[in-house]
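Peer 1: I have a structure here, written as C-alpha cells, and I will follow up with some questions on it.
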Amino acid sequence: MRQIRLILILLVVATTAAAAAFPPINYKHRVLPNGLEVFSAQDRSTPTVAIHVWYRVGSKNDPEGRSGFAHLFEHIMFKATRHMKAEMMDRLTEDVGGWNNASTYDDMTPYFEVVPSNYLETLLWAEADRMGGLTVDEANFKSERDVVKEEYRFRVLAPPYGRFFNAIEPSSLVKHPYRRPGIGSMEDLDAATLDDVRAFHATFYRPDNAALIVVGDFDQQQFDAWVDKYFAPIPKPSTPIPVVDVQEPARTAEKRVPVYAPNVPLPAVALTYLAPAASSPDSYPLAIAEAVLSQGESSRLYERLVRSGIAQEAFANADLRADLGLFAAAAIMASGHDVGEAEKIIREELQKIQDAPISAAELEKAKNQIITSALRERETSNGKAFAIGEALVVHKDASIVNTGLARLQAVTAADVQNVMKKTIGGGKAVVITYMDESKRDAKKSEGGAK
Amino acid sequence: MKRLIALMLLALAAAPLSAQEVTATAQDQQVSPPAPAAPREAKLPQPVEKTLANGLRVIVVPKHDIPLVAATLMFKTGAEADPANRPGLAQLTANVLTKGTKTRTAEEIARGVEALGATIEASAGWDQSSIDLSVMASNFTKALVFVGDVARNATFSKEEVDLQRSQTVDSLQVALRQPRTLGSYVMSKLLFAGQPYGHPAEGTPKSLEKIKREDLVAFHKANYRPDNAVFVVAGDIEPDAVFNAAQQQFGSWARGTATKTTMTAATTAKPASPRVVVVDLPDAGQAMVVVGRQGIRRTDPNYFPAIVSNSVLGGGYSARLNQEIRIKRGLSYGSNSSFSARRNAGPFLASTQTKNESAAEVAGITLDEMARMGATDVPDTELTPRKAVLIGGFARSLETSSGIVNQVATLALNDLPLTDINRYISGVQAVNAEAVRGFAGKNFAGSDASVVIVGDAKKFIEPLRKRFPDVEVIPVSQLDLDASGIRERKAKQ
Chain A
1 MRQIRLILIL
11 LVVATTAAAA
21 AFPPINYKHR
31 VLPNGLEVFS
41 AQDRSTPTVA
51 IHVWYRVGSK
61 NDPEGRSGFA
71 HLFEHIMFKA
81 TRHMKAEMMD
91 RLTEDVGGWN
101 NASTYDDMTP
111 YFEVVPSNYL
121 ETLLWAEADR
131 MGGLTVDEAN
141 FKSERDVVKE
151 EYRFRVLAPP
161 YGRFFNAIEP
171 SSLVKHPYRR
181 PGIGSMEDLD
191 AATLDDVRAF
201 HATFYRPDNA
211 ALIVVGDFDQ
221 QQFDAWVDKY
231 FAPIPKPSTP
241 IPVVDVQEPA
251 RTAEKRVPVY
261 APNVPLPAVA
271 LTYLAPAASS
281 PDSYPLAIAE
291 AVLSQGESSR
301 LYERLVRSGI
311 AQEAFANADL
321 RADLGLFAAA
331 AIMASGHDVG
341 EAEKIIREEL
351 QKIQDAPISA
361 AELEKAKNQI
371 ITSALRERET
381 SNGKAFAIGE
391 ALVVHKDASI
401 VNTGLARLQA
411 VTAADVQNVM
421 KKTIGGGKAV
431 VITYMDESKR
441 DAKKSEGGAK
Chain B
451 MKRLIALMLL
461 ALAAAPLSAQ
471 EVTATAQDQQ
481 VSPPAPAAPR
491 EAKLPQPVEK
501 TLANGLRVIV
511 VPKHDIPLVA
521 ATLMFKTGAE
531 ADPANRPGLA
541 QLTANVLTKG
551 TKTRTAEEIA
561 RGVEALGATI
571 EASAGWDQSS
581 IDLSVMASNF
591 TKALVFVGDV
601 ARNATFSKEE
611 VDLQRSQTVD
621 SLQVALRQPR
631 TLGSYVMSKL
641 LFAGQPYGHP
651 AEGTPKSLEK
661 IKREDLVAFH
671 KANYRPDNAV
681 FVVAGDIEPD
691 AVFNAAQQQF
701 GSWARGTATK
711 TTMTAATTAK
721 PASPRVVVVD
731 LPDAGQAMVV
741 VGRQGIRRTD
751 PNYFPAIVSN
761 SVLGGGYSAR
771 LNQEIRIKRG
781 LSYGSNSSFS
791 ARRNAGPFLA
801 STQTKNESAA
811 EVAGITLDEM
821 ARMGATDVPD
831 TELTPRKAVL
841 IGGFARSLET
851 SSGIVNQVAT
861 LALNDLPLTD
871 INRYISGVQA
881 VNAEAVRGFA
891 GKNFAGSDAS
901 VVIVGDAKKF
911 IEPLRKRFPD
921 VEVIPVSQLD
931 LDASGIRERK
941 AKQ
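Structure, rendered in C-alpha cells:
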C-alpha cells in the first residue's frame with residue numbers, strides 16, 4: 001500500500017490537474033501457499049461488496065475441435081458443486097438483492113457477484129466450493145448447452161451484423177487460437193461432453209491459476225481470516241498448467257475476405273492489422289490513436305465518414321489482449337455508398353496518422369476522454385474489481401491499475417506516430433467485406449470465410 | 451511472474467488427468483453456506499433543489515467519492531407528442547440539436563465538448579427530450595456552456611436536418627431487419643394504434659421524409675424552454691456551485707410563449723381486441739416472441755404491486771419466465787418481462803428470442819405463466835427473494851452519478867415528490883401475495899394479451915396455429931408501420 005501512495009505523489013507532480021484528481025485503488029495483495037492470488041480493496045461508502053474470481057483460462061484454451069468450450073464451461077460453473085445444487089449461486093446472490101455473472105474472454109474468465117456486504121462470507125464459501133470441483137449431471141449439461149446454442153443464435157445469427165463481427169478474428173489470424181470465435185460453432189458445441197467438462201475443470205480451475213478480487217464493504221482482518229478458512233485448503237494440483245505459446249506469423253501479403261449473410265441492409269468493411277500484446281509499452285500510444293481516430297463526433301473517422309454521409313457508423317479499435325493484439329478500423333456504409341469508398345478513406349486516415357504527428361489538441365482530448373471513461377468505470381466496487389483484474393491478467397501487472405494513467409499522460413504525439421508506423425505501415429491489411437447474400441452471385445466469390 | 455514451461459495443450463481429451471473426479475456430496479452430508487451477518491443500512495441520496503425565476507427546476511445530489519459529474523437537462527415533452535403525420539419529429543429534433551447553434555458549427559461543438567473529455571448526448575424518448583452530460587468534475591462549468599448553447603440556440607440548418615434524416619432512415623433499415631426491434635414496433639402498433647405511444651419513436655422511413663426543418667424549429671420553440679424543463683445534477687459538486695452555474699447558463703432564458711405540444715390523445719382508450727400476429731422474416735437467425743398488453747402509468751396507485759408481480763413473472767434471471775424457458779428447457783438465452791411505466795399507461799411486454807422451431811412453444815409458456823400468476827398465490831419463499839431483487843437493483847442504481855440522475859429525473863418527470871426516493875424500499879416491501887394475485891389476476895391472467903412473433907414463419911406456423919387458429923401472417927415485405935393497421939393495403943408484388 002505504501003508503494004502505491006508513493007507512485008501517486010509522483011503522478012500528481014508530473015501531470016495535469018485532471019490526473020491529480022484521479023483516485024487510486026488502494027488494494028492489498030497476498031498469495032496463498034496454494035498459489036491463489038488475493039486482492040482486496042475497501043470501499044465502505046455503500047453496504048455492498050463485489051467478489052470476483054478471475055481464472056486465467058479463456059477461449060484461447062478451447063480444446064481442438066471444441067471451439068466455444070471455455071464459454072460453455074463458464075455456463076456450467078453455475079450448475080452443481082459438492083455442496084451446492086444447480087443455480088444455488090443465484091439463491092445466494094439474486095435472492096438477497098445481489099446479482100452475479102461471468103464472461104469468457106480470450107485470455108480469462110472472470111466470475112463475479114455483487115451482494116449486500118453481510119453476505120461476503122457466504123459468497124467466499126460458494127466461490128471456494130466451485131473452485132473445488134463440479135458435480136454437474138448429464139441433464140443439466142445438455143440443457144445448458146442448448147442455452148449456449150441459443151446465445152450463438154442471439155449474438156451471431158439474429159443481429160444483421162452478427163456474422164460480420166464473428167468473421168473478423170477467423171479472417172485476421174492464421175495460427176494463434178484467438179482466430180477461433182469464443183462463441184464457437186454449433187458442431188463443436190454439439191461435440192462437447194461431460195467428460196470434457198471434468199477435464200477442463202481439473203486442468204484450469206485451480207487456485208494457482210486464479211485470482212480472488214474483493215472490493216467494497218468489509219473488515220480486512222475478518223476477510224483475511226475467511227480467505228484462509230475457505231480458500232487455503234484447496235489443494236494445488238501437481239500437473240502443470242498448459243500455456244498457449246503459439247506465435248502468430250507476421251503477414252506477408254494483404255488478404256481480402258468477402259463475407260455474405262442474409263438480411264444485411266447496408267454493407268460493411270473492416271481492415272485489420274496485427275498489433276502488440278496489451279503488456280507492450282505501445283499499448284498507450286495505440287489507445288490514443290484509437291481515440292483520435294474514432295472516439296466521439298470530433299474524431300477523424302467520424303468526421304470523414306459519418307459527417308460526410310458516406311458511412312452510417314465508423315470505428316477504430318485497438319483490441320490488445322494478453323498474447324497479441326488486433327488493430328481494426330471499420331465502417332458500416334450509408335445507403336447508396338459502396339464499401340470501396342470507406343476502404344479508401346480508412347486507408348487515407350491510417351496513412352495520415354503515420355505521416356504527421358497528431359495535434360496537441362487531439363492528444364490532450366484523447367487523454368481526457370480515456371481518463372473520464374476510466375473514472376466512470378471506477379464509480380462502483382464492481383468496476384474497480386474489473387479494473388484490477390484486467391490489469392492483472394491482460395496487462396500482466398496489477399499495479400498498472402494505478403500507474404497506467406501516468407504512462408498514458410507521458411505519451412507524446414511522436415510516440416503515436418511511431419507506433420502507428422510500426423503497426424499499420426509495417427503491417428499488411430486483411431480487408432473483410434460484408435454484404436447481403438443476394439450480392440454473392442453478382443461477384444464471383446473469392447473464397448473467403450466458410 | 452513465474453514462467454511455466456510452455457506447453458500448448460492441443461488435444462485436451464487425450465491429455466492425462468491426475469485429478470480425481472469430483473462427486474456430489476450426499477444430500478445429508480452437504481454443508482450449508484455460512485449464514486449472513488447483520489445487514490447494514492444503505493444511505494439514500496438527499497436531493498437539494500431550487501427553481502430559477504424562469505421556471506427551470508434545478509435538482510442536485512452531491513456524491514463525492516469519484517471526481518465525476520452526471521447531469522441531464524430534461525424537457526417534459528418527447529416522442530408521445532409527435533404529430534400523427536410526423537412520427538419521429540421529437541427524436542429528429544434532439545438529434546439535430548447538437549449539430550449547430552447561432553455561434554458554433556456542429557464540428558466546433560463536438561470538438562469543444564470532447565476536448566474536455568466530456569460527452570453531451572441529446573435524445574428524445576417517451577414523455578421527455580433530454581440533453582445528457584457526463585464530465586469530470588473540474589470541467590463541469592466549461593461543459594455546461596455547450597449544454598446551454600445547444601438547448602437555447604440550436605439552428606437546425608437544412609443540411610444538418612437532411613443528414614440526420616438520412617442517417618435515421620438508414621438505421622431504421624437495420625432495425626427493420628432485426629427480429630427484436632421489429633417485434634417491439636409491431637407490438638406497440640397493436641397496443642396503441644392511433645394513440646401517442648403507437649408509432650416507432652424513431653419514426654418510419656416514410657414519415658421522416660415528410661418532416662421539414664420548420665417542424666423541428668417549431669417543436670424546439672414550443673418545448674425546449676425553461677418552464678418545461680428540469681435540470682438534474684449528481685456527482686462531485688456542491689449544490690451552490692450548480693445553482694450558480696445554472697443561473698449563469700440558463701438564467702436569462704425566457705419562459706416559453708408558444709403552446710406546448712401535448713399528447714395528441716390520451717392512452718386511456720381500450721386496446722383493440724387482442725391479436726396474434728406473425729411477421730414472416732425468411733432466414734431470420736432466431737424468432738422474437740413478444741407478448742404484450744397495455745400496462746400502467748408511473749403514478750398508478752398499483753405501481754408497487756405491478757413491479758413486484760413483474761419481478762416474480764419475468765423481472766430477472768430467476769423469475770418464472772426465465773426459469774421455465776431458459777433454465778428448465780434451454781429454449782432461449784434469456785426471457786424477461788417489464789412494465790414501461792410512463793406518464794400515461796405504457797406497454798407491458800414479455801420478450802424472448804428463441805430458435806424459430808420453438809417460437810410457438812415459447813409463446814404458449816409465456817401466456818401460461820401469466821395465467822398462473824392470477825390463479826394461485828405466490829408463496830412467500832418465492833415472493834421475498836423477488837422483492838429483494840427489486841430493492842437490491844434500486845440500491846445499486848444509486849451507486850453511480852448517472853444512476854442517481856435517472857432515478858431523480860424520473861420522479862421529477864412524473865411530478866412525484868423527490869422524497870419518494872425514500873419510499874421505494876418500503877413500497878416494495880409492503881406488497882404481499884394477496885396484492886400480487888389481485889394485480890396479476892386483472893393484468894396478466896385475462897385473455898387480452900396480444901402476441902407478436904417475428905421470424906421464419908414456415909418453421910413455427912403449424913404448431914402456432916394449433917393454439918391460435920386466428921393467427922395473422924404478414925410477410926415482412928408487406929409490413930407497413932405507417933398504415934393505420936400494420937399491413938399494406940395492397941401487396942406490391
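From first to last, the protein sequence lines stand for chains A and B.
At position 7 of the first sequence the residue is numbered 7 (the numbering used here), and the sequence of numbers has no breaks.
At position 53 of the second sequence the residue is numbered 503 (the numbering used here), and the sequence of numbers has no breaks.
Ideal Cβ positions, reconstructed from N, Cα and C, are used throughout, including at glycine.
Values in this document were obtained by computation on a predicted structure and should not be read as measured data.
Using only CA atoms, which one of B:G598, B:D920, B:I757, B:I559 lies nearest to B:F844?
Peer 2: Within the second sequence, numbered from 1, the residue matching residue 844 of chain B stands at position 394. The option with the nearest alpha carbon to B:F844 is B:I757.
Peer 1: Taking CB distances under 9 Å as the criterion, tell me whether A:L375 reaches chain B.
Peer 2: Position 375 of the first sequence holds residue 375 of chain A. Yes, contact with chain B.
Peer 1: Of all the CB atoms in chain B, is at least one closer than 9 Å to the CB of A:D224?
Peer 2: Locating residue 224 of chain A in the first sequence gives position 224, where the first residue counts as 1. Not one chain B Cβ lies under 9 Å of A:D224.
Peer 1: Does the beta carbon of A:P281 come closer than 9 Å to any beta carbon on chain B?
Peer 2: Numbered from its first residue, the first sequence carries residue 281 of chain A at position 281. It does not; no Cβ of chain B falls within 9 Å.
Peer 1: Could you work out which residue in A:N101, A:T104, A:V114, A:H83 is closest to A:K381 when comparing CA atoms only?
Peer 2: To locate residue 381 of chain A, count along the first sequence from 1; it is residue 381. The amino acid at residue 381 of chain A is misidentified as Lys; the sequence shows Ser. Answer by Cα proximity: A:V114.
Peer 1: Under the DSSP definition of a beta bridge, which residues are partnered with B:T501?
Peer 2: Position 51 of the second sequence, counting from 1, holds the residue named residue 501 of chain B. Beta-bridge pairing by DSSP links B:T501 to B:R507.
Peer 1: Going by alpha carbons, who is nearest to A:W54 out of A:T403, A:T423, A:A391, A:K175?
Peer 2: What you label residue 54 of chain A is simply residue 54 of the first sequence in a count that begins at 1. Nearest C-alpha to A:W54 among A:T403, A:T423, A:A391, A:K175: A:A391.
Peer 1: To the nearest angstrom, report how far apart B:G706 and B:A556 are at their CA atoms.
Peer 2: Taking the second sequence and counting its residues from 1, the one referred to as residue 706 of chain B is at position 256. Taking the second sequence and counting its residues from 1, the one referred to as residue 556 of chain B is at position 106. Spanning the two alpha carbons is a distance of roughly 25 Å.
Peer 1: Just to check my reading of the structure: B:A825 and B:G905 have Cβ atoms closer than 8 Å, yes? What is that Cβ distance to the nearest angstrom?
Peer 2: On the second sequence, position 375 is the one that residue 825 of chain B refers to. On the second sequence, position 455 is the one that residue 905 of chain B refers to. Not a contact, Cβ separation roughly 29 Å.
Peer 1: Taking B:S398 and B:A540 to be in contact with their CB atoms under 8 Å, please state how far apart those CB atoms are, rounded to whole angstroms.
Peer 2: Nothing about residue 398 of chain B can be read from this structure; chain B reaches only from 451 to 943.
Peer 1: What residues in its chain sit with their C-beta under 8 Å from that of B:A715, if we drop five residues either side in the sequence?
Peer 2: Within the second sequence, the letter at position 265 stands for residue 715 of chain B. The predicted position of B:A715 is uncertain, since its pLDDT is 49 and thus under 50; a value taken from the coordinates is nonetheless stated next. Once the five neighbours on either side are set aside, the close Cβ partners of B:A715 are G644, Q645, P646.
Peer 1: Closest to B:K778 by CA distance: which of A:A429, A:K396, A:R145, A:N209 is it?
Peer 2: Locating residue 778 of chain B in the second sequence gives position 328, where the first residue counts as 1. For the residues A:A429, A:K396, A:R145, A:N209, the minimum Cα distance to B:K778 belongs to A:R145.
Peer 1: When burial is assigned at 16 or more other CB atoms within 10 Å of the CB, is A:A232 buried or exposed?
Peer 2: The residue you call residue 232 of chain A lines up with position 232 of the first sequence. The residue is exposed, with fewer than 16 neighbouring Cβ atoms inside 10 Å.
Peer 1: Determine the contact status of A:L293 and A:I353, defining contact as a CB-CB distance below 9 Å.
Peer 2: Taking the first residue of the first sequence as 1, we reach residue 293 of chain A at position 293. Taking the first residue of the first sequence as 1, we reach residue 353 of chain A at position 353. Result yes, Cβ atoms of A:L293 and A:I353 sit closer than 9 Å.
Peer 1: For the beta strand (DSSP E) that contains B:N673, what are its first and last residues?
Peer 2: As a working note, residue 673 of chain B is residue 223 in the second sequence. Counted as a single uninterrupted DSSP element, the stretch harbouring B:N673 is not any beta strand (DSSP E) but the alpha helix (DSSP H) occupying residues 663 to 673.
Peer 1: With distances taken Cα to Cα, identify the nearest neighbour of A:E254 among A:V394, A:V431, A:K421.
Peer 2: Within the first sequence, numbered from 1, the residue matching residue 254 of chain A stands at position 254. Of the candidates A:V394, A:V431, A:K421, the one whose C-alpha sits nearest the C-alpha of A:E254 is A:V431.
Peer 1: Within the continuous beta strand (DSSP E) that includes B:D582, where are the two ends?
Peer 2: Taking the first residue of the second sequence as position 1, residue 582 of chain B is located at position 132. The continuous beta strand (DSSP E) containing B:D582 extends over residues 579 to 586.
Peer 1: Measuring alpha carbon to alpha carbon, tell me which residue in A:M108, A:T93, A:V264, A:L173 is nearest A:T433.
Peer 2: As a position in the first sequence, residue 433 of chain A is number 433, starting the count at 1. Nearest of A:M108, A:T93, A:V264, A:L173 to A:T433, Cα basis: A:V264.
Peer 1: Run the CB neighbour count on B:P497, radius 10 Å, all protein chains shown included, and call it buried at 16 or more, exposed below.
Peer 2: In the second sequence, counting from the first residue as 1, residue 497 of chain B sits at position 47. Buried.
Peer 1: Nearest to B:D733 by CA position, among B:K592, B:P925, B:L518, B:A899, is which residue?
Peer 2: Within the second sequence, numbered from 1, the residue matching residue 733 of chain B stands at position 283. Here the closest residue by C-alpha is B:P925.
Peer 1: By Cβ distance below 7 Å, which residues in the same chain neighbour B:E571 in space, the five residues on each side in sequence not counted?
Peer 2: Counting from 1 along the second sequence, the entry for residue 571 of chain B is found at position 121. If you ignore the 5 residues before and after B:E571, its C-beta comes within less than 7 Å of the C-beta of D582, all in its own chain and listed in chain order.
Peer 1: Report the three-state DSSP secondary structure of A:L194 (helix, strand or coil).
Peer 2: Taking the first residue of the first sequence as 1, we reach residue 194 of chain A at position 194. DSSP places A:L194 in helix when its eight states are reduced to three.
Peer 1: For B:V481, does the count of other Cβ atoms within 10 angstroms reach 16, so buried, or fall short, so exposed?
Peer 2: Stepping through the second sequence from its first residue, residue 481 of chain B is reached at position 31. It is exposed - the Cβ of B:V481 has fewer than 16 other Cβ atoms within 10 Å.
Peer 1: State the DSSP-derived secondary structure class of A:H75, mapped to helix, strand or coil.
Peer 2: Residue 75 of chain A sits at position 75 when you count from the first residue of the first sequence. DSSP places A:H75 in helix when its eight states are reduced to three.
Peer 1: Within its chain, find whatever has a CB closer than 7 Å to the CB of A:R30; leave out the 5 residues flanking it on each side and keep chain order.
Peer 2: Here residue 30 of chain A refers to the residue found at position 30 when the first sequence is read from its first residue. If we look at A:R30 and ignore the five residues flanking it on each side, its Cβ neighbours are V38.
Peer 1: For A:T461, tell me which candidate among A:G309, A:R256, A:A199, A:S298 has the shortest Cα-Cα distance.
Peer 2: The structure shown has nothing for residue 461 of chain A, since chain A only spans 1 to 450.
Peer 1: Count the other C-beta atoms from every protein chain shown that fall within 10 angstroms of the C-beta of B:N794, then say buried if there are 16 or more, exposed otherwise.
Peer 2: Locating residue 794 of chain B in the second sequence gives position 344, counting from the first residue. Its Cβ being crowded by 16 or more others within 10 Å, B:N794 is buried.
Peer 1: Please report the straight-line C-alpha distance between A:G216 and A:F223, rounded to a whole angstrom.
Peer 2: Within the first sequence, the letter at position 216 stands for residue 216 of chain A. Within the first sequence, the letter at position 223 stands for residue 223 of chain A. Roughly 11 Å between the two C-alpha positions.
Peer 1: Let me know the alpha helix (DSSP H) ranges lying completely inside the segment 528 to 565 of chain B, each 4 residues or longer, listed in chain order.
Peer 2: 539 to 547, 556 to 565
Peer 1: Quick one: give me the first and last residue of the beta strand (DSSP E) that A:E113 is part of.
Peer 2: Stepping through the first sequence from its first residue, residue 113 of chain A is reached at position 113. Looking at the DSSP string, the run of the beta strand (DSSP E) that includes A:E113 is 109 to 116.
Peer 1: Note down, in chain order, every chain B residue with its Cβ under 7 Å from the Cβ of A:D146.
Peer 2: The residue you call residue 146 of chain A lines up with position 146 of the first sequence. What A:D146 touches in chain B: G780.
Peer 1: Scan the segment 56 to 100 of chain A and note each continuous alpha helix (DSSP H) run of 4 residues or more that stays entirely inside, going in chain order.
Peer 2: 69 to 76, 88 to 92
Peer 1: Would B:A708 pass as a contact of B:A672 if the rule is Cβ separation under 9 Å?
Peer 2: Counting from one through the second sequence, the residue named residue 708 of chain B turns up at place 258. Counting from one through the second sequence, the residue named residue 672 of chain B turns up at place 222. Cβ distance < 9 Å, so B:A708 and B:A672 count as in contact.
Peer 1: At what residue ranges does the segment 700 to 781 of chain B contain a whole run of the alpha helix (DSSP H), taking only runs of 4 or more?
Peer 2: 753 to 763
Peer 1: Specify whether the segment 159 to 173 of chain A and the segment 129 to 140 of chain A touch according to this definition: at least 3 beta carbon pairs, one from each stretch, less than 8 Å apart.
Peer 2: The answer is no - the segment 129 to 140 of chain A does not touch the segment 159 to 173 of chain A, with fewer than three Cβ pairs under 8 Å.
Peer 1: Give the interface partners of B:L861 over in chain A, defined as CB-CB distance under 7 Å, in chain order.
Peer 2: Position 411 of the second sequence, counted from the start, is the residue given in the question as residue 861 of chain B. Here the premise fails: no neighbours, minimum Cβ distance about 20 Å.
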